[in-house]
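Residue numbers (our numbering): 8 to 957.
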Amino acid sequence: MLAPRALRSLLCALSCAWWLHSGTASRLKTPALPIQSEREPLPSKVLAGCSFGGRFYSLEDTWHPDLGEPFGVMHCVQCHCEPQKSRRGKVSGKVNCRNIKQDCPNLDCDDSVLLPGQCCRTCPKGSDGKQQADSMLESFEYFHEKGKEDDLHKSYNDRSYLSSEDTGLGESRTDFVALLTGVTDSWLPSSSGVARVRLSLTRTTLTFSVTYQRIGRPTKIAILDSDGTPAFEYKVPRGQADMICGVWKNLAKPLLRQLHSEQMRISMTTSTGRREEVVGKIIKHRALFAETFSSMLTSEEENAGMGGIAMLTLSDSENNLHFILILQGLIRHKDKEPVLVPIRVQLVYRQHVLREIRANITSNDPDFAEVLTDLNSRELFWLSRGQLEIAVAAEGQDPRQISGFITGRKSCDAIQSVMSSGDALIPGKTGGVGSAIFNLHDNGTLEYQVQVAGLTSDVVSLTIELKPRRRNKRSVLYDLTAEYGKAAGRAAGSWSRLEARHIHMLLQNELFINVATAHNQEGELRGQIKALPYSGLEVPRHELPTPLAGHFVSPPVRTGASGHAWVSVDKQCHLHYEIIVAGLSKADDLTVNAHLHGLAEIGELDDSSTSHKRLLTGFYGSQAQGVLKDMSVELLQHLDQGTAFIQVSTKMNPQGEIRGRVHVPNTCKLGAPAEVEEAEFDDVFLNDPEELKKDPNTCFFENQHHAHGSRWTPSYDKCVTCSCQKRTVICDPVICPELTCSRTIQPEDKCCPVCDESREPKDVKALETLEEHLEGCYFEGDQKMHAPGTTWHPFVPPFGYIKCAVCTCKGSTGEVHCEKVTCPVLTCNHPVRRSPSDCCKECPEEERTPAGLEISDMMQADGPRNCKFGKNLYQNSDSWHPWVPLVGEMKCINCWCDHGVTKCQRKQCPVLTCSNITRTESSCCPECGDQKEEAVLMTKTPGKRRTWRQ
8 MLAPRALRSL LCALSCAWWL HSGTASRLKT PALPIQSERE PLPSKVLAGC
58 SFGGRFYSLE DTWHPDLGEP FGVMHCVQCH CEPQKSRRGK VSGKVNCRNI
108 KQDCPNLDCD DSVLLPGQCC RTCPKGSDGK QQADSMLESF EYFHEKGKED
158 DLHKSYNDRS YLSSEDTGLG ESRTDFVALL TGVTDSWLPS SSGVARVRLS
208 LTRTTLTFSV TYQRIGRPTK IAILDSDGTP AFEYKVPRGQ ADMICGVWKN
258 LAKPLLRQLH SEQMRISMTT STGRREEVVG KIIKHRALFA ETFSSMLTSE
308 EENAGMGGIA MLTLSDSENN LHFILILQGL IRHKDKEPVL VPIRVQLVYR
358 QHVLREIRAN ITSNDPDFAE VLTDLNSREL FWLSRGQLEI AVAAEGQDPR
408 QISGFITGRK SCDAIQSVMS SGDALIPGKT GGVGSAIFNL HDNGTLEYQV
458 QVAGLTSDVV SLTIELKPRR RNKRSVLYDL TAEYGKAAGR AAGSWSRLEA
508 RHIHMLLQNE LFINVATAHN QEGELRGQIK ALPYSGLEVP RHELPTPLAG
558 HFVSPPVRTG ASGHAWVSVD KQCHLHYEII VAGLSKADDL TVNAHLHGLA
608 EIGELDDSST SHKRLLTGFY GSQAQGVLKD MSVELLQHLD QGTAFIQVST
658 KMNPQGEIRG RVHVPNTCKL GAPAEVEEAE FDDVFLNDPE ELKKDPNTCF
708 FENQHHAHGS RWTPSYDKCV TCSCQKRTVI CDPVICPELT CSRTIQPEDK
758 CCPVCDESRE PKDVKALETL EEHLEGCYFE GDQKMHAPGT TWHPFVPPFG
808 YIKCAVCTCK GSTGEVHCEK VTCPVLTCNH PVRRSPSDCC KECPEEERTP
858 AGLEISDMMQ ADGPRNCKFG KNLYQNSDSW HPWVPLVGEM KCINCWCDHG
908 VTKCQRKQCP VLTCSNITRT ESSCCPECGD QKEEAVLMTK TPGKRRTWRQ
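Quick look at the structure:
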């Protein structure tokens, strides 16, 4: 396992005295060195704070660093975001971590114990083993670490049980929420409408899901900055009715800071009938990731100008319903001093009050949290059917009430699952695939569509299950086998008897779908049912995606990986794609760097000629998505005819590990249409220095401003290509491809020589074809025109020139085709690269002893590489106990160097069934207090074999 980012942050904070600011981290690049912008002004209104382990902390915040598995939370280390003031008076944050074990109190008892999750030892007397009730906000169980282990047999696979963080692109995701009502600054109600907006920020992309009630169809959504100026406007398409889904891309850093500091607002307006507007503030909320049920609270009054939202979740083990209310406009208090206002919260079924809570809230902070304990079977049944109603009333001189029905959480995310043999309970490599999509309705009905392909034998069962608690004890919730059709390999239907607990687990990504076959009775395919965050791409997520499997590769590949892909072509003939993979284990592919799982490609299936492939993207984690704009006419036609494919290639299978046939009907017979208006607007923006100065991501180089993502040739050297990557200029030398022609010439305005074909005879047909395409080919990578017949290495910012690929401008069609370079098979013991930028290795001239080793991989791997952990360098296969600052050597964790990748594992501890659990400083695992002496004797038994978690 790779060293987590939080550990690197801790090492840096303690040993390097690194000043950590939000948004100041830069990415190193090799071999080219970044050239910093010249005299570029820094953006104003910097939000002070600290960035640590991928999270942002405000000034004066304290926390225990979580270094991730296998290290966990360092309870004896406390980090503090200290405010620092520069000479100019600018306040910033600096991370300072210290060991707090020395602050532990001196104990009078001799039999002190160390409880799990604590740093200091405590005396056992007086402790009843029960935790006191915390604040209402902390009562959400999902705010605490679950830390639950089961006795799953080691031959069973638990890789498929992933946290929600593993479903993303390997990037941090921050959730926000906004409650929109018609309240105005003059305290006059403007609308009875209420809307809820759920927003998710990944890097600089903000996606949002909007639900609304008691308001006409919205036509425009605007996000306002701290000054009230619209920073982004979204025109609602006519097709979006109950749920509005949108995306805001490329947020500037000043706006990101305002978003994180909760200075932005969002408004939604209608144009049908009388104009209505609802407005609300965008805030972070800790309850968002735990929420599985929700309710939107509205008033029956006309022009009420008030509303609320309720975020609810069930306890893990008990039938307790936790909820948090966000209210707006219910309490109208004009005095500056806050006052206590009595409220009444009721749980209602068909106008019958089931539960009632009375409390006081402050007028300036009208949020409220509480727990409804021990829901009975009838209340849980009504909750699952969306028939329970929550009502909130303000009592006193101005009684007002809002209410709404409780349903499963709503968003634009898609509930889906990829089933693979690598994620089966007993992992295998069959080359099969399963794909499923789900839709949860307000009445608790779950619609499903499932497809399977490439199985080794007939399907005998298709089930939705829990994670098994022990060997041969699968927990089946629902059997879909009766709906499965063998001929089509599909099942479609609905599950109408979901319990409230099942809905909760579904929306917490805790359910699985299992496919058992005659040859694999426990299951040949298995996948986790989880929410796929909305990406903003125009892909038909409501339809079954294209399955991707090793079974569809020619020749078939027996792999444990599988996937599925949604693909569409828009009106501009741009290809939108979203690819999800599962079972692609890094342990099976040791040559994969970091988390790079593979390359996603699209191509055409044509038996008469070699298939042409286009690189979509290289991707990390389990997802790849994007838009391909420069589509060829032939590829669009193959998509229309269903003779195109999408595949994922890896180091182990460079010709394709999983593949699927794609059919996307389209009318793009003449290729992608020209976008004249958009191009003209972009040209104006890129050429206007005043507009460029306003963009915080522009670069200042050679007395000129360059837009982020732009590329150019500097005036000092025509054989260099520079690019602007978020205020950093990166320049790379042009790498010229080898030419196979007998005569070359050097154009004055070009860096690389080209073939001289002026004296070679050409037939009339070839000349006519050449005249039709005199303009050549435009390549998006370097943003340059290339003459017909020329070849070059593609330029991909910020990585520079990719020497392992060669692109060609086909004069007959004016299209660009890029292919990987195939390296020759070497027979020497120690191949080398003559230059770091070379793609293929060569045998040294002095070495002539054949090794008999055949390397068929077109992307040749390096020899065994070293690992760097902290400040130490380790050779391949070295093992060590990691040293963590302020903690010291962690003897319960073993790390080793595996071909340049540092992997660490924690010692596996047995499952304890006793109630009196303690831990000594010298032991790695907790022990039963009444069996402490016996456990110590067992650990000292000679020949006792250590077991490490796999």
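Idealized CB from N, CA, C, for every residue including glycine.
N- and C-terminal bounds of the beta strand (DSSP E) containing residue i
i: MET426; result: 421 to 426
i: MET512; result: Element bounds for MET512: not the beta strand (DSSP E) but the alpha helix (DSSP H), 507 to 514.
i: GLU284; result: 284 to 291
i: GLY530; result: Here GLY530 belongs to no beta strand (DSSP E), and DSSP marks it neither H nor E.
i: GLY441; result: 440 to 447
i: GLU454; result: 453 to 460
i: ARG477; result: It is not in any beta strand (DSSP E) - ARG477 carries neither H nor E in the DSSP assignment.
Spatial distance of residue i from residue j (CA atoms)
i: HIS583; j: ARG666; result: 17 Å
i: PRO554; j: SER569; result: 8 Å
i: ARG913; j: VAL80; result: 13 Å
i: ARG508; j: LEU321; result: 7 Å
i: GLN632; j: GLY610; result: 16 Å
i: ASP117; j: GLY936; result: 14 Å
i: MET512; j: THR211; result: 30 Å
i: HIS793; j: LEU623; result: 21 Å
i: ASP115; j: CYS932; result: 25 Å
i: LEU642; j: VAL522; result: 35 Å
i: GLY435; j: SER428; result: 5 Å
i: ILE520; j: HIS267; result: 37 Å
i: VAL560; j: GLY543; result: 30 Å
i: TYR723; j: SER884; result: 47 Å
i: VAL351; j: GLU363; result: The amino acid at residue 351 is misidentified as Val; the sequence shows Arg. Using only the alpha carbons, I get a separation of about 7 Å.
DSSP bridge partner residues for residue i (one or two, in chain order)
i: VAL483; result: GLU472
i: HIS329; result: THR320, VAL378
i: LEU206; result: PHE183, PHE215
i: ARG718; result: SER730
i: GLY895; result: VAL891
i: SER233; result: None; SER233 has no bridge partner.
i: GLU849; result: VAL839
i: LEU101; result: Here residue 101 is Lys; the residue named in the question, Leu, does not match the sequence. Looking at the DSSP assignment, LYS101 forms a beta bridge with GLU89.
i: TYR356; result: HIS359
i: ASN901; result: GLN912
i: ASN106; result: VAL84
i: THR797; result: DSSP, once it has assigned bridges, lists no residue as partnering THR797.
i: PRO225; result: THR277
i: THR369; result: LEU347, ASP372
i: GLY315; result: LEU304, LEU334
i: LYS242; result: LYS227
i: HIS713; result: CYS706
Closest Cα partner of residue i within the set the options
i: GLY796; options: ASP763, CYS811, LYS827; result: ASP763
i: LYS757; options: ARG750, THR728, LEU880, GLU531; result: THR728
i: MET250; options: ASP905, GLY429, GLU517, PRO225; result: PRO225
i: GLY567; options: PHE519, ARG481, MET659; result: MET659
i: ILE368; options: GLU283, GLU377, SER58; result: GLU377
i: ALA366; options: PRO917, HIS888, LEU74, ALA401; result: ALA401
i: HIS713; options: CYS726, LYS725, SER730; result: SER730
i: VAL346; options: LEU354, SER370, LYS97; result: SER370
i: LYS817; options: CYS825, ILE350, HIS888; result: CYS825
i: VAL736; options: ALA421, LEU231, THR705; result: THR705
Residue range of the unbroken alpha helix (DSSP H) whose run includes residue i
i: GLN648; result: 640 to 648
i: PRO261; result: 260 to 267
i: PHE559; result: Counting along the chain, PHE559 falls outside any alpha helix (DSSP H), and DSSP gives it neither H nor E.
i: SER278; result: SER278 -> no alpha helix (DSSP H), and no H or E assigned at all.
i: ARG958; result: There is no way to answer for residue 958, as the model of the chain reaches only from 8 to 957.
8 Å contact criterion, which residue i and residue j should meet: CB distance rounded
i: LYS827; j: PRO838; result: That pair is no contact at about 18 Å.
i: CYS111; j: PRO72; result: That pair is no contact at about 18 Å.
i: GLU298; j: ARG180; result: With a Cβ gap of about 15 Å, GLU298 and ARG180 do not count as contacting.
is_contact[residue i, chain C] using C-beta, thresh 9 Å
i: GLU396; result: Absent from the structure is chain C; it holds one protein chain and no more.
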